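Chains as they are written, first to last, in our numbering: chain A, 440 to 876; chain B, 440 to 876; chain C, 440 to 876; chain D, 440 to 876.
Now the structure itself:
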């Protein structure tokens with residue numbers, strides 16, 4: 440096979456002093472941090488859609504990026520070349536996982552049967568490439584938002600025929616993910632929402648979405664797929680409103696439709712900020728409610744209002760995110776999938792390497808920082824001391840739900856004004872800065 | 440008693456052609472719309488905090504508004520004069536309801552006992568004024584956010600002593616609301632959230648909030664209070680993040696802590712928009728999930744990022760909100776409480792009348808528009824036709840949860856590409872405009 | 440020629456009671472308002488890019504819309520069919536103007552020479568169709584943002600060869616606009632800005648932009664083009680930051696580079712709101728500074744953060760915009776160009792009619808409302824009374840720049856605390872609502 | 440005099456390994472960086488309003504902070520005690536500058552004469568304390584936004600009497616600033632804008648603001664005040680719209696009213712982000728246009744929509760800001776004034792030290808990073824290479840304004856498609872991260 444990235448060799452760890460922009464300065468896959476290797480903590484995954492199928496188009500212009508593997512008029516040849524390129528990239532970068540939509544890896548045919556056939560042919564090649572490299576899917580998924588049939592939603596479409604099409608597509612995508620040994624399967628409802636309530640029956644649509652996910656759970660059992668199911672929150676874009684708007688909305692939905700046992704959340708940094716929450720907030724909410732699954736690692740631009748899907752390079756966000764993640768027990772089935780794309784002007788193949796190396800190095804550095812924060816225990820001690828009075832008999836009784844308003848009133852009448860203490864936010868922020876290095 | 444608003448007489452309905460800015464042009468309390476009087480549909484309430492206690496302060500300056508009833512150095516005299524003024528205002532405006540925080544109507548004393556005593560004295564006067572006028576509380580509530588003791592939260596405070604104080608305050612506020620015949624009781628957790636996760640144990644705080652609300656439910660049963668409990672979503676301000684950030688987050692919380700049977704939501708327009716949702720969206724979400732309770736009627740400015748609490752005058756928002764509300768069955772215990780304040784430059788007493796008359800007229804007009812939309816049935820028909828295929832045997836089977844992915848695949852392989860139909864958003868928006876008049 | 444919109448006949452004015460969704464209910468082209476016909480006031484224009492070239496693509500999916508005029512594999516045939524369709528549409532709708540980019544009407548060729556040749560061929564057809572219908576360009580422009588060569592800007596590109604290409608394209612587009620009798624020419628610098636300052640020399644880029652516009656002014660003189668030049672503000676998207684971010688930034692730029700005499704502004708509603716300003720604000724700023732030129736009429740969604748380019752249907756925004764415009768003297772060379780697109784689900788040709796009819800009717804209704812507001816003079820009187828003290832000798836002296844700080848101090852020491860008056864915002868908002876009908 | 444901060448000694452530089460939270464880890468005043476001491480580069484200033492007068496109030500509650508120096512019922516005693524506390528704080532922190540509003544340091548009296556007298560008395564004490572410590576004002580200013588008389592603006596008020604009052608206040612504040620040896624004087628038009636255009640004459644108000652600033656320039660000459668004048672942009676809050684909305688709007692205004700020679704800009708980070716721009720953007724814009732003056736150093740929270748005025752701790756923002764500042768030649772008369780406040784829960788005096796130490800250390804660290812970036816020259820080289828073609832004869836001719844559209848077309852017809860190059864944003868962001876340490 441031709442090399443698609445001949446200008447880049449295997450990306451190696453060379454340490455912080457390396458001047459090679461194509462070497463890792465912080466990510467050393469085998470280095471142990473808090474008793475586990477970096478690779479096991481971070482479980483990096485490359486996404487297929489942006490990295491290999493994305494060509495720099497935006498609402499004001501078509502693609503700017505020209506790739507050799509697109510140099511054929513036959514879609515299946517392009518699909519195969521792209522897959523070869525992808526595995527060359529994965530291997531050179533040294534990641535263990537990849538993520539894909541069904542339509543990323545194989546072109547949609549004129550009929551579902553044809554699309555499935557295309558998929559089967561590509562999956563066969565993917566299996567070979569996976570065997571050769573040891574790389575597996577972190578998760579697979581179905582693209583239920585690009586084709587015009589899904590313009591009004593997939594599981595929440597006004598037409599049950601579209602619902603059926605989506606179900607058929609998920610069925611196949613789940614089978615393919617299973618066949619490739621995927622550790623999970625993601626549902627992102629890109630068009631499950633509305634543009635105007637004037638033409639929408641929200642209650643009915645939510646019920647249909649519940650039914651769809653139950654059918655997925657049933658099918659998963661039927662075929663014995665052991666991967667974890669995730670739903671992925673996002674508030675808007677492409678819809679004006681998406682039902683899975685944030686972790687809170689997803690948790691409300693999962694509870695109402697009795698799906699909590701079957702789904703965890705796939706948190707994307709940029710989706711959180713579009714919903715008005717920090718990346719860490721969304722993770723913390725998931726940890727507090729036992730629904731943290733996986734992460735789509737990227738970064739938004741809070742001064743623009745759309746999903747910029749930039750590569751994660753902010754040490755603060757990554758450190759705080761990993762700090763919450765590690766305290767929540769770390770990843771089980773999930774990992775850090777770079778759902779990020781190079782900028783439209785970053786047209787060279789080498790830019791893909793810069794981008795991923797930057798993301799991996801940032802998270803590796805953040806992991807070491809978060810690990811130091813945890814080992815030192817300063818933040819944890821501060822927090823536990825702040826809540827210390829809840830560990831007294833009085834506090835424990837309340838927390839256990841055994842106290843009454845009458846007792847509270849009596850206590851207050853006797854004890855008078857509570858003593859209050861500084862929240863010490865500035866000192867804590869300084870402490871955090873002392874760890875950033 | 441002195442008159443506090445001598446320049447304004449009883450506000451009367453004079454019809455759309457009236458040139459009197461202090462007359463209703465649309466709100467005719469006894470007019471029947473869809474079989475009920477306007478007053479029964481809209482259940483207008485005046486809020487005590489903004490309208491009588493608000494004096495125009497903002498983060499860059501103290502109050503600008505001078506009121507005669509504040510013209511005493513004795514806080515209890517001020518409190519009594521204010522109450523007289525308030526009931527004069529309620530009566531002249533012709534509303535049936537008012538809403539209050541404990542600390543709005545009576546000043547906080549040096550101790551809880553003193554505060555309670557102050558409250559008792561004022562409540563006695565309030566009962567008299569209520570008897571004289573027939574006006575009652577739509578709901579009462581406790582202010583658990585202004586006093587410095589609540590700076591780190593009330594039910595979610597790091598100190599159980601503060602939790603106890605808050606509980607004691609709610610106990611009393613609930614008793615007072617019961618005594619005054621209030622139709623409901625609201626929990627707005629203004630400081631139940633965090634400024635930084637560096638000093639916060641979110642999971643613990645959420646558990647405490649759950650315990651607090653269960654204690655409230657227990658106490659409600661104990662005293663036989665029959666009013667409806669509401670929680671009120673808001674995403675932020677004064678906190679960086681409030682746990683009850685939107686209707687979705689509230690519904691997730693209520694389900695997790697098994698409180699759905701005891702609480703409905705009090706939706707505030709401006710809180711919805713701060714969370715990135717339209718007023719109608721938040722109402723629709725509540726209707727779809729059976730948790731719609733009451734409404735804080737106001738309007739935000741989407742180009743600024745804080746709670747402006749302006750009076751509702753946008754016919755589109757009010758019409759669409761009422762359209763959803765009416766389709767959801769209308770208010771049972773709730774109503775439209777004007778949680779709105781005059782602008783800082785609106786310093787005259789008459790500005791309070793302009794503001795409320797404008798809000799009431801806007802909702803009255805919106806009610807008549809929404810009623811016409813419902814009677815004509817054009818929108819409802821469009822929506823039901825759009826989803827018509829879900830009423831076939833095929834659709835019903837799916838919606839009932841009796842279909843499988845295998846059947847869906849088979850259907851799709853047989854039927855081929857689904858037919859898609861225009862969402863007709865522009866036509867529907869034109870139709871809406873034709874109703875706005 | 441084939442009919443492309445056979446399902447729609449000439450759109451007629453039928454008055455507010457018409458039940459035909461494809462008739463005007465408010466726009467009656469010849470009706471006189473404030474002494475001028477509606478058509479002369481509003482100068483409606485249809486944009487070519489969204490209405491004929493837009494097919495519903497968004498960042499998450501390709502087009503959904505299938506048009507008969509695209510039914511050929513030859514780009515020039517498509518271009519000609521599209522132009523026939525466009526003029527059929529213009530004529531049926533009854534507008535007098537259209538707007539276009541060079542690359543909308545004729546496909547880009549392999550070289551500039553080829554592109555120009557394509558353009559010439561289409562312009563010939565356009566002249567014929569213009570002659571047949573009497574419709575002319577409100578303005579023309581060059582697309583300097585879609586082609587990958589412009590990914591780093593056109594006039595602000597790091598490469599002078601790209602600058603040169605852009606200049607050559609503008610040269611031709613200006614010639615074509617002149618040839619078609621266009622009333623103006625617009626510069627929208629879609630990519631004149633940056634994604635990161637790390638690779639950008641802002642000062643240098645601004646200087647180049649200044650040079651570019653001066654070259655345009657020179658060329659305009661050379662060929663005797665009499666149309667008005669406009670620049671169009673937008674803060675971001677596709678760039679992270681666009682230099683012409685709002686009316687203020689444009690006015691600063693025009694002054695610095697001594698271009699004020701040659702340019703006015705083309706204000707787009709949705710661009711204003713993306714910059715944090717209301718539509719009316721941007722117009723008012725232009726009127727106050729003598730730089731109001733033309734309007735891109737559309738509507739954004741303030742709860743999402745990108746340019747939704749929806750059709751204008753909000754009576755408040757349109758009324759207030761026209762109120763400011765009329766007080767500023769109305770359009771001279773400019774007009775209302777619908778830079779708006781049907782939603783991705785509005786896939787039928789008839790949706791284009793619904794959309795434009797809605798926009799035209801909304802502005803027609805807004806025009807009549809604004810005219811009544813002006814005739815009644817209530818708002819103008821309120822404002823002039825509010826500032827009345829500036830019409831005294833004291834006020835006039837200050838405003839004339841003839842007073843000193845010392846005099847001001849003396850006046851204040853003598854006069855004491857100034858009397859302040861209510862801003863009456865709520866009453867004014869009620870007054871506005873009384874006009875909305 | 441009593442000590443107000445007895446728990447804190449002089450804050451010393453102890454280096455990065457110090458474990459004392461009340462020592463500098465990075466700020467070593469005398470350390471030379473790029474040929475100047477840190478103190479001379481950064482010119483730190485403490486603001487009087489937040490740090491000594493701010494007590495933690497927010498729109499939902501009064502102050503939470505209790506300070507010993509407020510422990511008197513006599514306002515002038517409080518004012519004096521506060522000044523003693525302030526200079527103790529300045530000295531312990533080791534800053535050279537402070538900033539103040541007239542009404543921060545001395546209470547407003549019943550009349551202007553009384554207010555001025557109060558001011559004179561306090562200024563006398565300030566002069567003594569300045570002599571004792573060597574600390575001087577970076578700038579002074581007048582509070583023209585808190586008093587109710589300014590509710591409708593100061594220089595843009597509908598009443599010329601309010602204009603006169605504001606002028607008298609600025610006259611005195613300028614005199615006082617001169618007397619104290621202040622290096623500058625700031626105009627922040629907190630209420631110079633509008634809440635609704637329905638009651639506003641924007642053009643007239645802008646003209647009055649122009650007249651006001653010209654009167655200030657005249658008075659400055661008259662008294663021989665040599666400090667630099669600054670205007671400070673902010674888009675909104677407390678107004679809905681402030682005329683000086685961002686650096687662009689200010690530059691437009693200064694040019695229109697012929698004030699560019701007399702004013703520079705005081706850029707506040709949080710104001711920039713509220714306007715939708717990064718801190719670095721606003722600085723870069725000022726450098727590009729020769730109007731950079733001084734900096735209000737703080738940090739906003741981009742997920743909330745108001746001015747949070749947090750202490751600056753983000754290394755990215757501070758580094759990029761200083762990188763631009765240093766390339767623009769650094770401060771002449773301006774400096775870094777901490778216009779920042781401790782959080783409402785940070786109630787202890789020591790929190791003020793944590794906050795300022797954190798801010799100073801962050802900027803010191805950022806200075807060293809920015810200096811390394813400049814010394815290494817990698818970013819500058821990348822940028823100059825990216826624009827290298829503008830240094831050829833062809834590029835220089837265009838930039839000099841000597842080229843024509845016809846030449847550009849000829850060049851393009853001859854040369855064909857320009858070569859484009861990657862913007863390398865990801866590589867540059869990785870490079871930046873390598874400097875952050």
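All C-beta atoms in this analysis are idealised placements derived from N, C-alpha and C, irrespective of residue type, glycine included.
This structure is a prediction, so every number in the text was calculated from the model and none was measured.
Asked	Found
Assigned exposure category for residue 614 of chain C - 16 Cβ within 10 Å defines buried	buried
Alpha carbon of residue 505 of chain B to alpha carbon of residue 492 of chain B, nearest angstrom	11 Å
Residue interval of the alpha helix (DSSP H) (run including residue 653 of chain C)	641-662
C-beta atoms of residue 683 of chain A and residue 670 of chain A nearer than 8 Å	yes
Residues near residue 754 of chain C in its chain [Cβ-Cβ closer than 8 Å; skip 5 each side]	801, 804, 805, 808 and 875
Three CB pairs or more closer than 8 Å across the stretch 454-473 of chain C and the stretch 554-568 of chain C	no
As assigned by DSSP and simplified to three states, the class of residue 859 of chain D	coil
Own chain residues within Cβ distance below 6 Å of residue 583 of chain C, not counting five before or after	589, 593 and 605
Closest by C-alpha distance to residue 730 of chain D, when choosing among D:679, D:694, D:752 and D:782	D:694
Partners in chain B for residue 741 of chain C, counting only beta-carbon separations shorter than 9 Å	712, 741 and 742
Contact under 8 Å by Cβ, residue 600 of chain B with residue 828 of chain A	yes
Short Cβ contact (8 Å threshold) for residue 607 of chain C with residue 580 of chain C	no
Separation of residue 543 of chain A from residue 833 of chain D, as counted between CA atoms	45 Å
Residue(s) in a DSSP beta bridge with residue 486 of chain C	C:538
C-alpha distance - residue 868 of chain D paired with residue 738 of chain A, whole-angstrom precision	13 Å
Option nearest residue 631 of chain D by Cα separation, candidates D:665, D:585 and D:616	D:585
Chain C contact residues for residue 787 of chain B, given Cβ-Cβ distances below 9 Å	860, 861 and 863
Contacts of residue 815 of chain C in chain B (Cβ-Cβ under 7 Å)	Ordered by position in chain B, no residue passes the 7 Å Cβ test against residue 815 of chain C, which lies about 11 Å from the chain.
Pairwise C-alpha distance: residue 577 of chain A and residue 569 of chain A	12 Å
Identified DSSP bridge partners for residue 681 of chain B	B:632
Beta-carbon contacts of residue 525 of chain A that lie in its chain and below 6 Å, excluding the five residues immediately before and after	491
Distance, residue 719 of chain D Cα to residue 598 of chain D Cα	38 Å
Residue interval of the alpha helix (DSSP H) (run including residue 615 of chain D)	599-618
Sub-8 Å separation of residue 751 of chain D and residue 714 of chain D beta-carbons	no
Strand pairing of residue 475 of chain C, partner residues [DSSP]	C:472
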